[in-house]
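A short write-up of the structure that comes next.
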Ligand SMILES: [Zn+2]
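Residue numbers (this note's numbering): 23 to 487.
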């Protein structure tokens with residue numbers, strides 16, 4: 023049986039994302055996504071079998087179904103992993119690898135296939151395969167460059183045998199955000215020999231609409247704490263890391279009062295620019311960050327204090343889109359801009375929203391603590407789709423978030439395992455091959471609202487200098 027992870031709200035989330043990208047109605051986008059993907063695999067190569075599982079899991083959260091069973095529906099696309107013939111008349115995506123590179127093409131693959139490729143690299147390949155398959159399944163209408171063949175330079179990600187065979191000690195590290203990127207991060211991190219303790223920090227609960235992209239979660243997790251469920255699902259995959267759920271905002275954790283050097287290392291997977299700036303204000307010693315901009319782009323960023331290099335405030339300054347979106351949300355929900363900037367709905371703001379929407383079945387208890395973005399999407403999707411700033415509230419597809427999380431996990435392990443901190447910013451498209459030469463060292467911006475402040479620089483120097 024194919025896996026069914028999608029419910030009506032999760033299907034709607036995918037449809038909103040596609041509608042925002044194509045400029046079409048949500049209903050039309052939902053129809054396009056009602057497609058089946060067939061995955062055909064040369065099972066004589068273990069890496070192929072693992073890749074098939076990963077691709078199927080990602081596409082099962084994106085399209086109507088994805089399966090290697092030939093009788094599970096008429097496929098809109100057939101993905102062929104390895105050197106075997108197709109089993110349907112559907113358009114094909116061929117996948118092959120020689121270990122150093124992976125090739126995703128519409129023609130028969132040419133690379134020989136190897137027995138073992140590191141699983142984290144296969145997760146990365148799976149994300150690109152899912153993107154290519156979605157493109158074909160919905161009829162080639164995406165407004166992104168079409169690379170055929172798409173060649174991934176896996177070797178450039180730096181996972182040498184030396185790195186992958188090493189024990190990597192996380193010490194005590196905090197993961198801020200148990201959403202889509204936090205899920206993707208642990209999805210890939212489990213394939214490395216990591217040790218230590220990871221505090222998984224998130225105050226939010228799993229919502230039905232999250233299931234399209236938050237890979238560890240199932241229907242039975244809906245309504246429960248994201249931090250607790252992510253730890254509950256993922257802990258068995260980490261023999262030597264203690265995962266500790268923290269149902270809170272990172273900024274409100276009690277240990278902050280006891281030890282000024284409490285936040286030595288922070289993994290950032292939260293969902294807004296504003297939240298990122300706020301996390302940098304906590305002055306973590308080291309930051310490992312990944313973000314997504316709808317389905318178009320992934321940003322990886324790293325900083326280590328004290329530093330003259332860019333911080334989260336430099337990389338994600340307040341911009342016009344963010345300001346526009348804040349205003350849109352405030353106007354639509356009948357609250358103030360300051361309320362929206364708080365990120366989550368306060369008891370007072372909940373009353374104002376209830377006054378604006380008395381007949382939508384909302385309750386104060388359900389509204390309090392909810393994120394503004396989520397409520398805005400739920401109540402005002404049509405209005406949001408009409409503006410560029412509004413379109414950014416729609417969450418990406420599973421393969422976009424998992425690619426962000428997997429690249430962040432790979433880079434965490436590479437750096438903690440002794441690799442060079444040779445870049446602090448890398449922008450990647452899930453639709454084009456990642457380009458190693460676009461990795462950059464970006465200096466701090468003098469006007470940065472965080473590290474541009476003398477008090478921040480002095481404190482960073484005292485704590486971590
Ligand atoms: Zn800065």
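Where a beta carbon is used, it is the ideal one built from N, C-alpha and C, also for glycine.
Counted within 10 angstroms of its Cβ, other Cβ atoms place residue 408 as buried (16 or more) or exposed: Counted from its first residue, the chain shown places residue 408 at position 386. Exposed: under 16 other Cβ atoms inside 10 Å.
Residue range of the alpha helix (DSSP H) that includes residue 207: Against the chain shown, residue 207 aligns to sequence position 185. That run of the alpha helix (DSSP H) goes 202–211.
Three-way DSSP call (helix, strand, coil) for residue 46 in this model: As a first step, residue 46 is located in the chain shown; it is residue number 24 there, counting from the start. Here residue 46 sits in coil by DSSP.
Rounded separation between residue 10 and residue 66 - CA only: Absent from the structure is residue 10, since the part of the chain shown begins at 23 and ends at 487.
Opposing strand residues paired with residue 390 [DSSP bridges]: The count along the chain shown starts at 1 and reaches residue 390 at position 368. Checking the DSSP bridge columns, you'll see residue 390 has no partner listed.
For residue 93, three-class secondary structure by DSSP: Within the chain shown, the letter at position 71 stands for residue 93. Coil.
Where residue 380 sits in the DSSP three-state scheme: For this step, residue 380 is matched to residue 358 along the chain shown. It is coil, neither helix nor strand.
Cβ contact check for the segment 381–401 and the segment 99–110: 3 or more pairs under 8 Å: The answer is no - the segment 99–110 does not touch the segment 381–401, with fewer than three Cβ pairs under 8 Å.
Assigned secondary structure, residue 105 (DSSP; H/G/I helix, E/B strand, else coil): Start at 1 with the first residue of the chain shown, and residue 105 comes out as number 83. Residue 105: coil per DSSP, three-state reduction.
Residue range of the alpha helix (DSSP H) that includes residue 330: As a first step, residue 330 is located in the chain shown; it is residue number 308 there, counting from the start. Here residue 330 belongs to no alpha helix (DSSP H), and DSSP marks it neither H nor E.
Residues bridged to residue 448 (per DSSP): As a first step, residue 448 must be located in the chain shown, where it is residue number 426. 322.
Secondary structure of residue 340, DSSP reduced to three states: Position 318 of the chain shown, counted from the start, is the residue given in the question as residue 340. Of the three classes helix, strand and coil, the one that applies to residue 340 here is coil, per DSSP.
Neighbourhood of residue 33 by C-beta distance below 6 Å, restricted to the same chain and skipping five residues each side: Here the question's residue 33 lines up with position 11 in the chain shown. For residue 33, same chain residues with a beta-carbon under 6 Å away, outside a window of 5 residues either side, do not exist.
Beta-carbon proximity list for residue 133, same chain, < 6 Å, skipping 5 on both sides: In the chain shown, counting from the first residue as 1, residue 133 sits at position 111. Within its own chain, the residues whose Cβ lies closer than 6 Å to the Cβ of residue 133, once the five positions on either side in sequence are excluded, are 118, 119, 120, 125, listed in chain order.
Which of helix, strand or coil DSSP assigns to residue 190: As a working note, residue 190 is residue 168 in the chain shown. Strand.
CB contact flag (residue 427, residue 203, <8 Å): Taking the chain shown and counting its residues from 1, one reaches residue 427 at position 405. Taking the chain shown and counting its residues from 1, one reaches residue 203 at position 181. For residue 427 and residue 203, yes; Cβs fall inside 8 Å.
8 Å Cβ cutoff met for residue 301 and residue 198: The residue you call residue 301 lines up with position 279 of the chain shown. The residue you call residue 198 lines up with position 176 of the chain shown. Between residue 301 and residue 198, the C-beta gap is smaller than 8 Å, which places the two residues in contact.
Rounded separation between residue 370 and residue 73 - CA only: The count along the chain shown starts at 1 and reaches residue 370 at position 348. The count along the chain shown starts at 1 and reaches residue 73 at position 51. In this model, residue 370 and residue 73 are separated by some 49 Å (Cα to Cα).
Rounded distance between the beta-carbons of residue 28 and residue 232, thought under 8 Å: Translated into positions along the chain shown, residue 232 becomes position 210. Translated into positions along the chain shown, residue 28 becomes position 6. About 11 Å; that fails the 8 Å criterion.
Assigned secondary structure, residue 266 (DSSP; H/G/I helix, E/B strand, else coil): Here residue 266 refers to the residue found at position 244 of the chain shown. Residue 266 sits in a strand when the DSSP states are folded into three classes.
Backbone secondary structure at residue 218 - three-state DSSP: Residue mapping note: residue 218 aligns to position 196 of the chain shown, counting from 1. Strand.
Residue 251, DSSP secondary structure in three states: Here the question's residue 251 lines up with position 229 in the chain shown. Note: residue 251 maps to helix in three-state DSSP.
For residue 198, the residue or residues it bridges with in DSSP: By one-based count along the chain shown, residue 198 stands at place 176. By DSSP's assignment, residue 198 forms a beta bridge with 223, 290.
C-beta contact flag for residue 290 and residue 309 at 8 Å: Translated into the one-based positions of the chain shown, residue 290 becomes position 268. Translated into the one-based positions of the chain shown, residue 309 becomes position 287. Going by C-beta atoms, residue 290 is nearer than 8 Å to residue 309.
Alpha-carbon to alpha-carbon, residue 215 and residue 356: Here residue 356 is taken as the residue at index 334 of the chain shown, counted from 1. Here residue 215 is taken as the residue at index 193 of the chain shown, counted from 1. Rounded to the nearest whole angstrom, the CA to CA distance from residue 356 to residue 215 is 50 Å.
Residue 71 versus 318, 89, 57, 54, residue with shortest Cα-Cα distance: One-based indexing of the chain shown puts residue 71 at position 49. For the residues 318, 89, 57, 54, the minimum Cα distance to residue 71 belongs to 89.
Environment of residue 247 [buried if 16+ CB atoms lie within 10 Å]: Taking the chain shown and counting its residues from 1, one reaches residue 247 at position 225. Burial call: buried.
Residue 467 Cβ short of 7 Å to ligand 1 heavy atom set: Translated into the one-based positions of the chain shown, residue 467 becomes position 445. Yes, ligand 1 has a heavy atom inside 7 Å of this Cβ.
Bridge-paired residues (DSSP) for residue 174: Reading the chain shown from its first residue, position 152 is the one you call residue 174. Residue pairing from DSSP places residue 174 in a beta bridge opposite 124.
Counted within 10 angstroms of its Cβ, other Cβ atoms place residue 262 as buried (16 or more) or exposed: For this step, residue 262 is matched to residue 240 along the chain shown. So residue 262 counts as exposed.
The segment 431–442 touching the segment 454–465, judged by at least three CB pairs closer than 8 Å: Judged by Cβ distances under 8 Å, the segment 431–442 makes no contact with the segment 454–465, as fewer than three pairs qualify.
Burial state of residue 162 (16 or more Cβ within 10 Å): Here residue 162 refers to the residue found at position 140 when the chain shown is read from its first residue. Residue 162 is exposed by the Cβ-count criterion.
Rounded Cβ spacing between residue 493 and residue 377 (contact assumed at less than 8 Å): A query on residue 493 cannot be resolved here, the shown segment of the chain reaching from 23 to 487 and no further.
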